[in-house]
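Quick mapping for you: the protein sequence lines, in order, are chains A and B. The first sequence begins at 49 in my numbering and counts up one residue at a time. The second sequence begins at 13 in my numbering and counts up one residue at a time. Please read the structure below before turning to the comments.
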Amino acid sequence: MKTLSKSEIQFLLLKLHSLTGIIPIGLFLVFHLGFNSLRTVGVQQYQFGIDLINNMPYLLWIEVLCIHIPILFHSFMGFYVAYQGKFNVFRYAYPRNWMYTLQRVTGGVVFLFLVYHIGTTLFPKMIEGKHLFEASPFLIGIMNEQMSTWSGRLIYLVGILSATFHFANGLWGFCISWGLLIGKDAQRNAGIAFMFVGLVLALWGVATMAAFALDPVSVEPVFSKGMSL
Amino acid sequence: MSQTVLIKIRRKDNPNAAPYWETFELPEKPFANVISCLQDIQKNPVNIGGVRVKPVVWDCNCLEEVCGSCTMVINGKVRQACAALIDPLEKPITLEPMSKFPAVRDLQVDRARMFKDLEQAHAWIDIDGTHDIGEGPAIDQETRHKAYELSQCMTCGCCLESCPQYTLDNNFLGPAVFSQARYFNMHPTGAMHKDKRLEPLMKEGGIANCGNAQNCAAVCPKHIPLTESIAEIGRQTTFHLIKKLFVE
Chain A
49 MKTLSKSEIQ
59 FLLLKLHSLT
69 GIIPIGLFLV
79 FHLGFNSLRT
89 VGVQQYQFGI
99 DLINNMPYLL
109 WIEVLCIHIP
119 ILFHSFMGFY
129 VAYQGKFNVF
139 RYAYPRNWMY
149 TLQRVTGGVV
159 FLFLVYHIGT
169 TLFPKMIEGK
179 HLFEASPFLI
189 GIMNEQMSTW
199 SGRLIYLVGI
209 LSATFHFANG
219 LWGFCISWGL
229 LIGKDAQRNA
239 GIAFMFVGLV
249 LALWGVATMA
259 AFALDPVSVE
269 PVFSKGMSL
Chain B
13 MSQTVLIKIR
23 RKDNPNAAPY
33 WETFELPEKP
43 FANVISCLQD
53 IQKNPVNIGG
63 VRVKPVVWDC
73 NCLEEVCGSC
83 TMVINGKVRQ
93 ACAALIDPLE
103 KPITLEPMSK
113 FPAVRDLQVD
123 RARMFKDLEQ
133 AHAWIDIDGT
143 HDIGEGPAID
153 QETRHKAYEL
163 SQCMTCGCCL
173 ESCPQYTLDN
183 NFLGPAVFSQ
193 ARYFNMHPTG
203 AMHKDKRLEP
213 LMKEGGIANC
223 GNAQNCAAVC
233 PKHIPLTESI
243 AEIGRQTTFH
253 LIKKLFVE
């Protein structure tokens, strides 16, 4: 078997960086924003959705292998990629160069947001051992609290806008990098179409935020501890 | 009363010297361009302070925007000095050497890296060796049109100067090389050595290092569809990668 050189590994890691941004991270983002928007229907529906996820078999494995490790890898490679480039958007102020710059900036912002987001939701959930049906009332309580202050709302707004932009523009970059979008017009049209996708995702997220902020309802576990199904 | 034009030049006495700005005042001549102004400075190298200085050094050759050697940063943007008419330029005019290539002196830089990188990417078509390998296949009209667009690259370096991913100290190959690999891969005889051109692009500094800022196509004086070439090479390397990983 042929061993890969360091230079070939760097190429493969960069390709994997581009791929992990879409699968699984991009898919997860769509799923996450979509699932959370159940809150716009009602807190019971939202609780039902969160209960479903928290009672999934192999949840920890799915979270670690399909979400946490890919995000850590994508972030690490992202910082490496951003460090390699040299911004020149003030000298060459073309729209695409702005997107290039924003892609790197939003990547960093999303990373910081995720540290905050995971640190205030998943982390306390793990520490306090809120599993299965205990998870949703706990998480709903945290989100009600987060969305009750303007600082919390601002942090989430910046986080959601950055993540959805980063995904929409990253989808465009992925399509070029992997050779799915070739022609100049195709690149431009897809760029516009993907921005609409990003906008819809952003609105989805903001609508969920609004539902939490306008109607902070607490809930009890559907099944309490010791109660058999 | 004749008008004058001020030209500010970022100078450097040798590759390791500290750069400094020097301003020259020249009488404005009709239809003058940056090269003709530099020639006027060479004839009478006296700066705005009236001091006689070393004449400014620059590169030029064809004087019709096809050789690429007079590429420099004019009023902050990279372009060819021979095609930069003085009249429409904002005054005072600033001239800087390209920043992504090793400095030689004043406005002169060493673009050798571009030519080495073209060599790496096998940017030529293999022709007869010790024996005649016969005529190549015919090329259809559409391919020839596309090939002509790509063939206009003069290795001037504008794309690299404006590229945020290309720096003095990294080994990124850059859009010009990707476009040339595409150019020779689309030629039926060149396509026989397709893999030889794709392999070097699938390493550190290769196609995966492109950040899609697309400045290259925006500044290219020949309007070469560089971003299309990048995407096309992206496609070719994707197929090559799948072939390498899962087929062979």
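Glycine residues also receive a C-beta, built at the ideal position from the N, C-alpha and C atoms.
- A/VAL206 sits in a helix when the DSSP states are folded into three classes.
- One finds nothing in chain B with a Cβ atom closer than 9 angstroms to the Cβ of A/TYR131; even the nearest lies about 11 angstroms away.
- For B/TRP33, the secondary structure class from DSSP, reduced to helix, strand or coil, is strand.
- Just measuring C-alpha positions, the residue of A/PHE260, A/GLN132, A/SER266 and A/ILE119 sitting nearest A/ALA183 is A/SER266.
- Shown here for A/ALA130: same chain residues with a beta carbon closer than 8 angstroms to its own, the five before and five after excluded, namely ARG152, GLY155 and GLY156 in chain order.
- Spanning the alpha carbons of B/PRO57 and B/GLU240 requires a straight line of approximately 45 angstroms.
- With 16 or more other CB atoms across the displayed protein chains lying within 10 angstroms of its CB, A/THR68 is buried.
- Here A/PRO264 carries a coil assignment [DSSP, helix/strand/coil].
- Boundaries of the beta strand (DSSP E) around B/GLN92: 89-92.
- A distance of 8 angstroms or more separates the beta carbons of B/VAL65 and B/GLU108.
- For B/GLU240, the residues of chain A that pass the 7 angstroms Cβ criterion are ILE230, GLY231 and LYS232, in the order they occur in the chain.
- If you look at A/ARG87, you'll find it isn't in any beta strand (DSSP E); DSSP assigns it neither H nor E.
- Cβ-Cβ separation between A/ILE208 and A/ALA261: approximately 13 angstroms, too far for a contact (criterion under 8 angstroms).
- DSSP places B/ILE105 in the strand class (E or B) of the three-state scheme.
- Between the alpha carbons of B/GLN132 and B/PRO212 lies a gap of roughly 7 angstroms.
- Assigned with DSSP and collapsed to three states, A/ILE70 falls in helix.
- Contact between the stretch 54-70 of chain A and the stretch 116-126 of chain A is present: three or more C-beta pairs spanning the two stretches fall below 8 angstroms.
- Its chain contains MET257 as the residues whose beta carbon lies nearer than 6 angstroms to that of A/TYR204, once the 5 sequence neighbours on both sides are disregarded; these appear in chain order.
- Its Cα nearest to that of B/THR250, the residue B/LEU210 stands out among B/GLY141, B/ASN227, B/LEU210 and B/GLY217.
- By the neighbour-count criterion, in which a residue is buried when 16 or more other Cβ atoms sit within 10 angstroms of its Cβ, B/CYS74 is exposed.
- Under the 10 Å beta carbon count, A/GLY177 is surrounded by fewer than 16 other beta carbons and is classified as exposed.
- Contiguous alpha helix (DSSP H) elements confined to the stretch 140-208 of chain A occur at 143-168, 170-175 and 183-194, taking only those with 4 or more residues.
- In this structure, B/PHE190 and B/ILE219 form a Cβ contact; the two beta carbons are roughly 6 angstroms apart against a cut-off of 8 angstroms.
- About 5 angstroms separates the Cβ atoms of B/ARG23 and B/ASP118, confirming a contact at the 8 angstroms cut-off.
- Residue pairing from DSSP places B/ASN45 in a beta bridge opposite B/LEU97.
- The stretch 219-236 of chain B and the stretch 177-194 of chain B touch, with no fewer than 3 CB-CB distances between them shorter than 8 angstroms.
- Between B/GLU216 and chain A, the shortest Cβ-Cβ separation is below 8 angstroms.
- When secondary structure is reduced to three states using DSSP, A/LYS54 falls in the helix class.
- Residue environment: B/LEU50 is assigned as buried (16 or more neighbouring CB atoms within 10 Å of its CB, all protein chains considered).
- B/GLY80 sits close to B/CYS168, with the two beta carbons spaced by under 8 angstroms.
- A buried status is given to B/ARG123, since no fewer than 16 other beta-carbon atoms sit within 10 Å of its beta-carbon.
- Per DSSP, the continuous alpha helix (DSSP H) segment holding B/VAL189 begins and ends at 187-197.
- Of the other Cβ atoms in all chains shown, 16 or more fall within 10 Å of the Cβ of A/HIS214; this residue is therefore buried.
- In the displayed model, B/ALA135 falls within coil according to three-state DSSP, outside both helix and strand.
- Note that the C-beta distance between B/PRO42 and B/GLU161 is not below 8 angstroms.
- In this model, B/THR106 and B/LYS89 are separated by some 10 angstroms (Cα to Cα).
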